[in-house]
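No gaps in the numbering here: position 4 of the sequence shown is -5 in the working numbering, and each next residue is one more. Glycine residues also receive a C-beta, built at the ideal position from the N, C-alpha and C atoms. As structure tokens, the structure follows; a few thoughts come after it.
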Amino acid sequence: MKIEWIQRVADTPEKEHIQSDGRIRRWGRISEMDGRYLRVVLLPDGKTVHNAFFDRGFRP
């Protein structure tokens, strides 16, 4: 996983969901990884990355 991918998804997500605790889930397709979707979870400040992983269960 590359920091550039995390930043790309955080800045320009294809989908976003705000959790009840205020954390922000963002998904984006990573063409360099055969189109797999990367989920980036941000803290409520919208800037701090809580975690990031390839989400096998995500369906756009």
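Here DSSP, grouped into helix, strand and coil, assigns R50 to coil.
The beta carbon of F44 is closer than 7 Å to those of R30 in its chain, skipping five residues each way along the sequence. I21 places its beta carbon less than 7 Å from that of R27. Judged by beta-carbon spacing, W18 lies within the 7 Å limit of P4, meaning their Cβ atoms are closer than that value. Between the alpha carbons of M(-8) and G48 lies a distance of about 18 Å.
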